[in-house]
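Scroll down for the structure; my scribbles are underneath it.
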Ligand SMILES: Nc1ncnc2c1ncn2[C@@H]1O[C@H](COP(=O)(O)OP(=O)(O)OP(=O)(O)O)[C@@H](O)[C@H]1O
Ligand SMILES: [Mg+2]
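In full-length UniProt numbering, the protein residues as written are 1 to 274.
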């Protein structure tokens, strides 16, 4: 599939409009609007508690398992409304989440974990094709097929969690901090694989605290703070913005504090709130 082809006008990918989410009396997201065009990688950055996982749960229909709910706005994928749909219906529409903390079934084998991801796939040939794709992306999962998943390293468990999601042959993957807690080399491998999965035609919404990695993969990015989008724009522009460099990339540079140089050559980003 040519991922560089512009999406057909009738299919804008994932569109979130003015979304608000509550957990009981607690408001976790408000006024969230974002879009993930078909074939793209879009990143959502933000610190602990910003609402990143909540956003993915809203898309995947899993909020109710966390005693949360959408209180305003809507989520549309292609021409299908996802907000209000059951989690199984969202998966059936091709949108699959890899949850935070690489939750694999530790007592089941690697192979059984992958098979669990293909549940509901009636087409056996398609399931075999999906498994082949996963084994090509992650050869270690073929080598360890009969081993218990709990014995894999953290990085390998993340590969299995992504592999399991791919078994459902998703049109879109929702990735929740796939590199969290991994050594830099393993994180780089996961990042490379996300790029490859996308190049094969899968749209990706990537939630990360690792801003440098996420911005290097994504075309567009959004920054969440306390449940609101505070900054958004092309990922390359965000990577160059003083604020993102200081707050999310840990880079202090002279120009960031010098009024004369602060705005020179700096990208203009869309800002919703101060
Ligand atoms: N099940 C829940 N019940 C009540 N409040 C919750 C629940 N889950 C999350 N929250 C609250 O919602 C807000 C957003 O949390 P969320 O987990 O979405 O943040 P996050 O950006 O994913 O953070 P992290 O990087 O730590 O994973 C936080 O204030 C959090 O305390
Ligand atoms: Mg989270």
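Note that CB positions come from ideal geometry on N, CA and C, so glycine has one too. This one's a predicted model, so the numbers in the text were calculated from it and none came from an experiment.
Check, Outcome
"Residues in the same chain with beta-carbon distance under 7 Å from residue 38, minus the five sequence neighbours each way, listed in chain order, please.", "7, 11, 13, 203"
"Pull up the distance between the alpha-carbon of residue 18 and that of residue 30, whole angstroms please.", "7 Å"
"With respect to the alpha helix (DSSP H) encompassing residue 302, which residues constitute its N-terminal and C-terminal limits?", "The requested residue 302 does not occur in the structure, where the chain is confined to residues 1 to 274."
"Output the distance between the C-alpha atoms of residue 112 and residue 79, rounded to the nearest integer angstrom.", "34 Å"
"Is there at least one non-hydrogen atom of ligand 2 closer than 8 Å to the beta-carbon of residue 226?", "no"
"Taking 8 Å as the cut-off, is the C-beta of residue 221 nearer than that to any heavy atom in ligand 1?", "no"
"Less than 9 Å between the beta carbons of residue 207 and residue 83, yes or no?", "no"
"Please find out if some non-hydrogen atom of ligand 1 comes closer than 8 Å to the beta-carbon of residue 210.", "no"
"According to DSSP, what are the bridge partners of residue 27?", "22"
"Can residue 60 and residue 152 be called in contact, C-beta distance under 9 Å?", "no"
"Give the straight-line distance between the Cα atoms of residue 96 and residue 172, rounded to the nearest whole angstrom.", "6 Å"
"State the DSSP-derived secondary structure class of residue 172, mapped to helix, strand or coil.", "strand"
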